[in-house]
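For what it's worth, full-length UniProt numbering labels the leading residue of the sequence shown as 1, then goes sequentially. Every residue, glycine too, gets a C-beta built ideally from N, C-alpha and C.
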Amino acid sequence: MEQVIVTPDYQPDEGLRFSWDEGFEITVSVTRSEVLIKANRAGLTSLARHLLTLAQDGVSNGMHVHLTADQEIESEIDLILERMAD
Numbered sequence: 001m002e003q004v005i006v007t008p009d010y011q012p013d014e015g016l017r018f019s020w021d022e023g024f025e026i027t028v029s030v031t032r033s034e035v036l037i038k039a040n041r042a043g044l045t046s047l048a049r050h051l052l053t054l055a056q057d058g059v060s061n062g063m064h065v066h067l068t069a070d071q072e073i074e075s076e077i078d079l080i081l082e083r084m085a086d
């Protein structure tokens, strides 16, 4: 079964809009040499949507989504996904 991930269209006057799938779970852990991101299906789909939102035409370099520890993600650290120059 093919899954389609719908991203909200980027509107410069509204800024970035992110949405989460119901029941998402995301865990981030860090060691000295690795970052591990574990997620259920809803969490993986939500992260994919966030990345696709940042990849849209018109999104400026440096725009990001900040996932806060113990709020959006289960972690001791925050996770930031940021757009950089092509």
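Residues bridged to residue i (per DSSP)
i	result
Ser60	DSSP lists no partner for Ser60.
Gly15	Gln11
Ser29	Leu36
Leu79	Leu67
Glu2	Glu2 is not bridged to any residue.
Glu74	Thr27
Environment of residue i [buried if 16+ CB atoms lie within 10 Å]
i	result
Thr53	buried
His66	exposed
His72	Reading off the sequence, residue 72 comes out as Glu, not His. Answer is buried; the Cβ neighbour count reaches 16.
Gly43	buried
Residue i, DSSP secondary structure in three states
i	result
Ala85	coil
Ala69	strand
Ala55	coil
### Task
May I ask you to verify whether the stretch 24-42 touches the stretch 53-64, counting CB pairs closer than 8 Å and requiring at least 3?
With the cut-off at 8 Å, the stretch 24-42 and the stretch 53-64 do not touch.
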